[in-house]
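Visitor: I have a structure I would like to understand better, so I am pasting it below and will then ask my questions one at a time.
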Amino acid sequence: MRPLPLLFLFVMSGGSPAGEILLQAPSDLQSAAKNAQPGDVLILPEGVFHDTPLAFHAEGTAEKPVVLKSANPGQTVFTGNSHLSFSGRFLRIEGLVFRNPGPDSEKVIEFRTDSRTPASHCLLVDCLIQAETDLPEKARESKWCSLYGTGNVVERCGFLGKTSPGTTLVVWLAGEGTGLHTIRGCYFGPRPKLGKNGGETIRLGDSATSGQNAGCLVSGNLFDRCNGEAEIISNKSCGNRILGNTFWDCEGALTLRHGHRAEVRGNLFQGHDLPRTGGIRIIGEDHLVTQNTLLHLGGEGTRSALTFMNGIPNTPSNGYQQVKRVLVENNLIIACKVPLTIGMAHDKSCTLPPTGVILRGNVIHCPDVPLMALLSTPQNWTWENNTLTAGSLGGEWPGLNLSQNPAPMVNQQPLSPQSTGPLWRRRN
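Residue numbers (this note's numbering): 237 to 664.
Below, the structure is given as structure tokens:
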């Protein structure tokens, strides 16, 4: 018998190109990762795997990351109390699905393998976490995706149907030099009202690290009916940028809860006049809020189109910083129930009114309602070149005048489930 060609033997034996490692089962991951070299690709088999813990550490390079992926995107599915933890540098995880995390699941994906070993410069892409059934009322608090380390990216991922307590995606900071994460192109799908604190969709930092410069970017994501609680995005650190996202029928607000120097630019809020749909809530110093479009928001109070909170004298880290030196420029507000709420107080301790705010070049067209709910007397406010159409001022403000103008055109188009989230899911 003539010998078979070497290539034919390679294919028949289930071989893979150099650098590709076909895992027979998820349990093979840890040992395979120990020997992985930069540029290696670890391939998980198709199938449904229940209560499966995955943890690995590897080191790639910027040019040659170590890759963990599904043999077929979207077809490697983990259920129940399955979770993934990884650490190292320059890793790429793609195409995995975590479906119906169990009631005892405290985590699903973590960018660390233990408290001292984070992941940095890693990419989570085209992955999906989805709950299709409601969990029991006493389900454990669960953070679906936790970012540690520095310079990580969550891109084109989907997070749908969370009913358990706990923030969907959290950035954890551990001192200066951590942060600089990017969350982009993701689909954050419907999340029902939790009924208590802890139902945020994204949290950037916490009160203990709120003075730290995190430098995170949240861009091009769709927040679709994210109704977990009053804070859709809870900004709790400094220097973050929230750009070009769509908030669609969300019963809450993008909240600058702690920290300073946030940039909120080019976001679209559409509420379709639904109660409790909100816009941007402002607390803290030196923020830039610009080029946002806020349409038909039916919320009031902390869920107004723009809410400026009062601060607490000598506030603790988990309190309310006074609003200072905020530039609100070139925003478009149309047909919202409460365009502006100024001086909102969380409680009686919040006595410091917003100060040093500049409103410049904004267009507000809400002809059937008052322009503002003026709850305290702000200090050193500047109004420049705004076009203000409203039923009345809503409070005494010497020198501030309304005008009657036609409704402006809205040019910004919303993001959709077909333009965000995993690529493989968009094709199905």
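The C-beta atom is built at its ideal place from N, Cα and C for all residues, glycine as well.
Predicted model, so just to flag it, every value in this text is computed and none were measured.
Helix, strand or coil for S446 per DSSP?
Guide: coil
Visitor: If you draw a straight line from the alpha carbon of D276 to that of P301, how long is it in whole angstroms?
Guide: 7 Å
Visitor: State the Cα-Cα distance for the pair T513 and C486, rounded to the nearest angstrom.
Guide: 5 Å
Visitor: May I ask which residues mark the beginning and end of the beta strand (DSSP E) holding L327?
Guide: L327 to E330
Visitor: In this structure, how does DSSP classify D264 when only helix, strand and coil are distinguished?
Guide: helix
Visitor: With burial defined as no fewer than 16 other Cβ atoms inside 10 Å of the residue's Cβ, what is the status of A298: buried or exposed?
Guide: exposed
Visitor: Does DSSP put R493 in a helix, in a strand, or in coil?
Guide: strand
Visitor: Which residues mark the beginning and the end of the alpha helix (DSSP H) in which R512 is found?
Guide: It is not in any alpha helix (DSSP H) - R512 carries neither H nor E in the DSSP assignment.
Visitor: My output table needs one value for R461: the three-state DSSP class, helix, strand or coil.
Guide: coil
Visitor: Assuming G387 contacts L416 (C-beta within less than 8 Å), just tell me the rounded distance between them.
Guide: 5 Å
Visitor: Identify which residue in L304, S306, G316 and A307 has its Cα closest to the Cα of P289.
Guide: G316
Visitor: What residue range is occupied by the uninterrupted alpha helix (DSSP H) comprising R663?
Guide: For R663, the enclosing alpha helix (DSSP H) has its first and last residue at L659 to R663.
Visitor: Measure the C-alpha to C-alpha separation of T526 and I570 and round it to an integer number of angstroms.
Guide: 15 Å
Visitor: Taking only runs that begin and end inside the segment 375 to 436, name each unbroken beta strand (DSSP E) of 3 or more residues, in chain order.
Guide: 379 to 383, 389 to 391, 394 to 396, 405 to 407 and 418 to 420
Visitor: If you draw a straight line from the C-alpha of A643 to the C-alpha of L607, how long is it?
Guide: 15 Å
Visitor: Could you tell me the distance, in whole angstroms, from the CA atom of L492 to the CA atom of G431?
Guide: 21 Å
Visitor: From F544 to G464, what distance separates their C-alpha atoms?
Guide: 22 Å
Visitor: Would you decide whether Q640 is buried or exposed? Buried here means 16 or more other CB atoms lie within 10 Å of its CB.
Guide: Q640 is exposed by the Cβ-count criterion.
Visitor: What number of angstroms, rounded off, separates the C-alpha of K379 from the C-alpha of E346?
Guide: 9 Å
Visitor: Near M645, what residues of its chain come up, given a Cβ to Cβ distance below 7 Å and the 5 sequence neighbours on each side ignored?
Guide: Hits under 7 Å: none found.
Visitor: Give the straight-line distance between the Cα atoms of T731 and E377, rounded to the nearest whole angstrom.
Guide: A question about residue 731 goes unanswered here, because the residues of the chain that appear run from 237 up to 664.
Visitor: So the beta strand (DSSP E) C602 belongs to, where does it begin and stop?
Guide: V599 to P606
Visitor: Taking C-alpha atoms, which residue in N637, T529, S400 and V593 lies nearest to N647?
Guide: T529
Visitor: Please specify which runs of the beta strand (DSSP E), each continuous and at least 3 residues long, are wholly inside the segment 559 to 587, giving them in chain order.
Guide: Runs of beta strand (DSSP E) with 3 or more residues, each lying fully within the segment 559 to 587, are found at 563 to 565, 568 to 570 and 576 to 580, listed in chain order.
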